[in-house]
Amino acid sequence: TQLLEQSPQFLSIQEGENLTVYCNSSSVFSSLQWYRQEPGEGPVLLVTVVTGGEVKKLKRLTFQFGDARKDSSLHITAAQPGDTGLYLCAGKGYSGGGADGLTFGKGTHLIIQP
Amino acid sequence: DAGVIQSPRHEVTEMGQEVTLRCKPISGHNSLFWYRQTMMRGLELLIYFNNNVPIDDSGMPEDRFSAKMPNASFSTLKIQPSEPRDSAVYFCASSFGNLVSPLHFGNGTRLTVT
Numbered sequence: 002t003q004l005l006e007q008s009p010q011f012l013s014i015q016e017g018e019n020l021t022v023y024c025n026s027s028s029v030f031s032s033l034q035w036y037r038q039e040p041g042e043g044p045v046l047l048v049t050v051v052t053g054g055e056v057k058k059l060k061r062l063t064f065q066f067g068d069a070r071k072d073s074s075l076h077i078t079a080a081q082p083g084d085t086g087l088y089l090c091a092g093k094g095y096s097g098g099g100a101d102g103l104t105f106g107k108g109t110h111l112i113i114q115p
Numbered sequence: 009d010a011g012v013i014q015s016p017r018h019e020v021t022e023m024g025q026e027v028t029l030r031c032k033p034i035s036g037h038n039s040l041f042w043y044r045q046t047m048m049r050g051l052e053l054l055i056y057f058n059n060n061v062p063i064d065d066s067g068m069p070e071d072r073f074s075a076k077m078p079n080a081s082f083s084t085l086k087i088q089p090s091e092p093r094d095s096a097v098y099f100c101a102s103s104f105g106n107l108v109s110p111l112h113f114g115n116g117t118r119l120t121v122t
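If you read the protein sequences in the order shown, they are chains P and B. According to my numbering, the stretch in the first sequence is residues 2 to 115, in order. According to my numbering, the stretch in the second sequence is residues 9 to 122, in order.
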């Protein structure tokens, strides 16, 4: 079983601050995705990273995939109340082909206080 | 595009009763996934289908759980008999099933078994 550990589990900061959340595993993933979930809704994809060392930016959000493809980080600059939510990382393992279910971490509950 | 549609949104039932959750995936997606989410365990993959065929049901907790996908536009997850520990939010998701395609989640069914 491929496990993803996310840290911190909970984070509450003031508007305008920067933050980084982490996603770590002992397993190698072929790709890794970050999702954001709001109360009463399903997770929504933010980004997919595929190449070791890859960095992707989405406005104030910066995603990095570790060189060894075992870990990832999400950095938010100048956090805003609208960034509040549950941030989930999800890894896809290697297989012989076909669809694979993603393995999700338990997520980071982020609260941005105005 | 209406997205993934799940019904009902909420289900409250008594222990021992049969529960059926329903899902309509996004048209054209060939993979369908059932997940369960709790605070303790996060998002857990229960089962996934590729082209209507169950590929991996190793996440199904026990024989009380069963899932079917009779055609490309409909799937059900059935719990019989239900138990209080089955209380959770159940999500259905669909995708194109390749290495980088995202999962598109429905808004979930919140199940409470008393």
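C-beta: ideal position from N, C-alpha, C; glycine also. Quick caveat, the model's predicted, so the values are computed rather than measured.
- According to the DSSP assignment, Phe30 (chain P) belongs to no beta strand (DSSP E), since it is labelled neither H nor E.
- In the structure shown, Pro82 (chain P) adopts helical secondary structure according to DSSP, grouped into three states.
- Of the other Cβ atoms in all chains shown, 16 or more fall within 10 Å of the Cβ of Thr117 (chain B); this residue is therefore buried.
- Between the alpha carbons of Thr84 (chain B) and Val20 (chain B) lies a distance of about 17 Å.
- Each of B:Ala10, B:Gly50 and B:Arg72 was checked against the Cα of Gln88 (chain B), and the nearest Cα belongs to B:Arg72.
- At least 8 Å separates the CB of Leu59 (chain P) from every CB of chain B.
- Using a Cβ-Cβ cut-off of 9 Å, Gly92 (chain P) is close to nothing in chain B; its nearest Cβ partner there is about 12 Å away.
- Residues Ser103 of the same chain have their beta carbon placed closer than 7 Å to that of Ser109 (chain B), with the five preceding and five following residues left out of the count.
- Non-local beta-carbon contacts of Gly54 (chain P) in its own chain, meaning distances under 7 Å to residues more than five positions away in sequence, involve Phe66 and Asp68 in chain order.
- For Val108 (chain B), the C-beta contacts it makes with chain P under 7 Å involve Ser32, Thr49 and Val51, in order along the chain.
- For Leu85 (chain B), none of the residues of chain P pass the 9 Å Cβ criterion, the least Cβ distance being about 14 Å.
- If the five residues before and after Leu103 (chain P) are omitted, its C-beta is found closer than 6 Å to the C-beta atoms of Ala91 and Lys93, all from its own chain and listed in chain order.
- Collapsing the DSSP output to three states places Asp94 (chain B) in a helix.
- Per the coordinates, the alpha-carbon of Arg49 (chain B) lies some 12 Å from the alpha-carbon of Val97 (chain B).
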